[in-house]
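Heads up, the thing below is written out as structure tokens.
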Amino acid sequence: MKLKLSIILCTYNRCESLKDTLASILEQNCDGSFDYELLVVDNNSCDQTKATVLSFMDKFQGRLRYVFEARQGKSYALNTALQKVKGDIIVFTDDDCCPHPEWLKRICNKFCKDAHLDGVLGRAIWDDDGKGMYEEMYAEKSSFKGSGLNMSFRRKVLEDIGPFDIYLGTGTIGCSGEDTDLLYRAKALKKNIVLDGDIIVIHKHRTTFKIKSKMIYRDCKGRIIFWWKHVIQNKDIFALKNIYWTILGAFKDLFKAVKNKKDVSLKISQFIGTCVGLFKGAYIWSVHVPIKKHFLRKKICYSVLCYHRVNNELTPNNFIISIENFEKQMQYLDEQCCVIAIDSVQDFLDHPDSYIYSGKPVVVITFDDGYRDNFLNAYPVLEKLNLPATIFLVTGMIETDKAFERYQDLPTPDMMNWDEARLMSKNRVNFGAHTVSHPHLYKMNSTAQKNEIEKSFIDIKIHLDKSMSDTPFAYPYGGYTQETVSILEKLGTKHGFTVNPGENQRNDSRLELKRTEVFGTDSLENFKKKIGAL
Numbered sequence: 059m060k061l062k063l064s065i066i067l068c069t070y071n072r073c074e075s076l077k078d079t080l081a082s083i084l085e086q087n088c089d090g091s092f093d094y095e096l097l098v099v100d101n102n103s104c105d106q107t108k109a110t111v112l113s114f115m116d117k118f119q120g121r122l123r124y125v126f127e128a129r130q131g132k133s134y135a136l137n138t139a140l141q142k143v144k145g146d147i148i149v150f151t152d153d154d155c156c157p158h159p160e161w162l163k164r165i166c167n168k169f170c171k172d173a174h175l176d177g178v179l180g181r182a183i184w185d186d187d188g189k190g191m192y193e194e195m196y197a198e199k200s201s202f203k204g205s206g207l208n209m210s211f212r213r214k215v216l217e218d219i220g221p222f223d224i225y226l227g228t229g230t231i232g233c234s235g236e237d238t239d240l241l242y243r244a245k246a247l248k249k250n251i252v253l254d255g256d257i258i259v260i261h262k263h264r265t266t267f268k269i270k271s272k273m274i275y276r277d278c279k280g281r282i283i284f285w286w287k288h289v290i291q292n293k294d295i296f297a298l299k300n301i302y303w304t305i306l307g308a309f310k311d312l313f314k315a316v317k318n319k320k321d322v323s324l325k326i327s328q329f330i331g332t333c334v335g336l337f338k339g340a341y342i343w344s345v346h347v348p349i350k351k352h353f354l355r356k357k358i359c360y361s362v363l364c365y366h367r368v369n370n371e372l373t374p375n376n377f378i379i380s381i382e383n384f385e386k387q388m389q390y391l392d393e394q395c396c397v398i399a400i401d402s403v404q405d406f407l408d409h410p411d412s413y414i415y416s417g418k419p420v421v422v423i424t425f426d427d428g429y430r431d432n433f434l435n436a437y438p439v440l441e442k443l444n445l446p447a448t449i450f451l452v453t454g455m456i457e458t459d460k461a462f463e464r465y466q467d468l469p470t471p472d473m474m475n476w477d478e479a480r481l482m483s484k485n486r487v488n489f490g491a492h493t494v495s496h497p498h499l500y501k502m503n504s505t506a507q508k509n510e511i512e513k514s515f516i517d518i519k520i521h522l523d524k525s526m527s528d529t530p531f532a533y534p535y536g537g538y539t540q541e542t543v544s545i546l547e548k549l550g551t552k553h554g555f556t557v558n559p560g561e562n563q564r565n566d567s568r569l570e571l572k573r574t575e576v577f578g579t580d581s582l583e584n585f586k587k588k589i590g591a592l
């Protein structure tokens, strides 16, 4: 199977340099050993960015996608892109960089040769005048190497590290450093990330002395702000030492520049940026961020949608929705909501400000029972839009022709098989347990309940290689008792879902979460009301 690479390129009001970047990616040497997609995120540009991207669409032959992100800040744009990319390897560069023709091929080879490799940091070279006068990027000379101009990670690694911090990056209060922060968190998690000087991009940003001076001021300020984050939030002594070393280094550089009468203006910019970052960073992480988090967390909530069947052959009712209506609803969620996976819920609740929270409704998509039309009809829509979902399986009915009571007057439900479930599990579809035979649990004694629940977890572990703690559970018919909840607690289950409608708050019981059922007779307006969009 070919390795799939996803390139993330965020841009803001740089349509001219963007043309060169797109052209250089178009010239990549693809030898057939890998495939790639390119996601360009327009971060609220007011120039001809969209027209520029659209002019390249035909040339990329379906590999290029355009996404608009109105929230100003590069981290917002990056996090939006991470929710939409489909590749095994996520590659980052900038809208003023031109990758070497072998860039993607070398990245691909690096990951293919080492299955334990988590990430690769490439080399960025300055091109001051476009005539080959190259200079090594000054940040690469520091003790903390690597930048967002040229870095690549396995998708799973980025999920482990977490999203980009929305208080860091161009267009934010932190002004830069979102990539450095990501790399520092990766280092703390002991991820296997290597440097490779043969993976090259040419950076064509610094064209005048004024721009160079402004950039040095911004980056030095941003570096101190980044270190302050880890000092204040994590009591990180190494970060505190780096603040000291950075200030001392800026003072020494300024002293040498004055003594030698060389680059004095640039060293002044460096020193001022460092000093401003010292005070601004302390304010951001001690005052600004805690206040925003306090008020933001008070209104954090999310909706969980519950579907059953997606089918054009059966008449729409409370359990059956047409393919057309399902696609319209998913399109709406993709454009107007933040769709997250069940295993991201806790991270969202703990870190809503640095996650994907935007004031839009936050939604989780689920299906009950495990019908084959979920695979045939729903899955292609989810895959096309790259939306995560969870299917709760009645494990004793998978690969059988057993019929539920409510379908006895209809053709056999035709349940999916385990091979289909395994295929979907590779593409953002999670699987949960829904008992073995779909009984009314509240009518059963404790032993019978435990057997039904535990056996369904064991089936999923055998066929899908998932632990009980990573497998969510949905109560059949939404019915349960406190004894049922106790059984799930003892099994280590993190999430249990009812069919009681409404939004879930951050302090709700994790084993009695609400789910709103979507009916085949719901209009789009009714659907919007159910997710709190109206």
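Just remember that the working numbering sits 58 ahead of the position in the sequence shown, which is counted from 1.
By construction, the Cβ of each residue, glycine as well, lies at the ideal position given by its N, Cα and C atoms.
All values reported here derive from a predicted model rather than from experimental measurement.
Could you tell me which of E541, Y535, P559 and T529 sits nearest to H553, measuring between CA atoms?
T529
Worksheet item: Are the Cβ atoms of Q119 and C73 separated by less than 8 Å?
Response: no
Which first and last residues belong to the beta strand (DSSP E) in which K129 is found?
The amino acid occupying residue 129 in the given sequence is Arg; Lys does not appear at that position. That residue, R129, is in no beta strand (DSSP E); it is neither H nor E in DSSP.
*asked:* Please classify A308 as buried or exposed, where buried requires at least 16 neighbouring CB atoms within 10 angstroms.
replied: buried
(Q) Suppose only complete runs of 3+ residues qualify. What are the beta strand (DSSP E) ranges in the region 237-284, listed by chain order? (A) 251-261
Do you know offhand how far E547's Cα is from V362's? 21 Å
Over the uninterrupted beta strand (DSSP E) stretch that includes F450, give me the two end residues. A447 to L451
### Message
With a threshold of 6 Å on Cβ separation, who are the neighbours of V397 within its own chain once the five nearest residues in sequence on each side are excluded?
### Response
L391, V421 and L445
- Query: What's the C-alpha gap between L569 and I520?
  - Reply: 23 Å
From D401 to K310, what distance separates their C-alpha atoms? 48 Å
_With a threshold of 8 Å between beta carbons, is I66 in contact with chain C?_
Here chain C cannot be found, since the structure has a single protein chain.
Q.
Using the three-state DSSP reduction, which class does T542 fall into: helix, strand or coil?
A. helix
Looking at the strands, I want to know which residues DSSP matches up with R212. I147
Roughly how many whole angstroms lie between the Cα atoms of F489 and T448? 5 Å
- Task: With hydrogens ignored, establish whether the beta-carbon of Y429 is closer than 7 Å to any heavy atom of the ligand SAM.
- Result: This structure simply doesn't include the ligand SAM, nor any ligand for that matter.
- On a CA-only basis, which of Y225, G255, D254 and K350 is nearest H288? Give me that one, please. Y225
**Report entry** Under 8 Å between C-beta atoms of G335 and K279
**Finding:** yes
Q. Are the beta-carbon atoms belonging to K108 and D100 less than 8 Å from one another?
A. yes
**OP:** Enumerate, from N- to C-terminal direction, the unbroken alpha helix (DSSP H) stretches of 4 or more residues contained entirely within the region 357-415.
**Re:** 381-394 and 403-408
Report task. Measuring alpha carbon to alpha carbon, tell me which of S525, K338 and N87 ends up nearest G550. Result -> S525
Q) Leaving out five residues before and five after N375 in sequence, what residues of the same chain have Cβ atoms less than 8 Å from its Cβ? A) F577, G578 and T579
Let me know the alpha helix (DSSP H) ranges lying completely inside the region 484-542, each 4 residues or longer, listed in chain order. 504-522
Which residues DSSP lists as bridging A182, in chain order: V259
Q: Whole angstroms is fine: what's the gap from G227's alpha carbon to I258's?
A: 22 Å
Practice task
Give the straight-line distance between the Cα atoms of I41 and N485, rounded to the nearest whole angstrom.
Solution key: Given a span of 59 to 592 for the chain in the structure shown, any question on residue 41 remains unanswerable.
* Asked: What number of angstroms, rounded off, separates the C-alpha of K245 from the C-alpha of D294?
  -> 13 Å
Report the rounded CA-to-CA distance for S581 versus I381, giving the unit in angstroms.
14 Å
Let me check one thing: in DSSP terms, what residues is P123 bridge-paired to? For the sequence presented, residue 123 should be read as Arg rather than Pro. Paired residue(s): L97.
Practice item. Put S69 into one of helix, strand or coil per three-state DSSP. Key: Note that residue 69 corresponds to Thr in the displayed sequence, not to Ser. Residue state, collapsed to three classes: strand.
Discussion item. Restricting to Cα atoms, I'd like to know which of D472, L522 and Q540 is closest to L499.
Written reply: Q540
**Item:** Collapsed DSSP secondary structure at P157 in the structure displayed
**Value:** strand
For the structure I just gave you, are there three or more beta carbon pairs, one from the region 70-90 and one from the region 153-173, closer than 8 Å?
yes
Q. Out of curiosity, what's the CA-to-CA distance linking K299 and C333?
A. 15 Å
Would T493 and E478 be called neighbours here (beta carbons separated by less than 8 Å)?
no
(request) Please report how far the alpha carbon of D408 lies from the alpha carbon of G220, in whole angstroms. (result) 12 Å
Could you give the DSSP three-state label for G339: helix, strand or coil? helix
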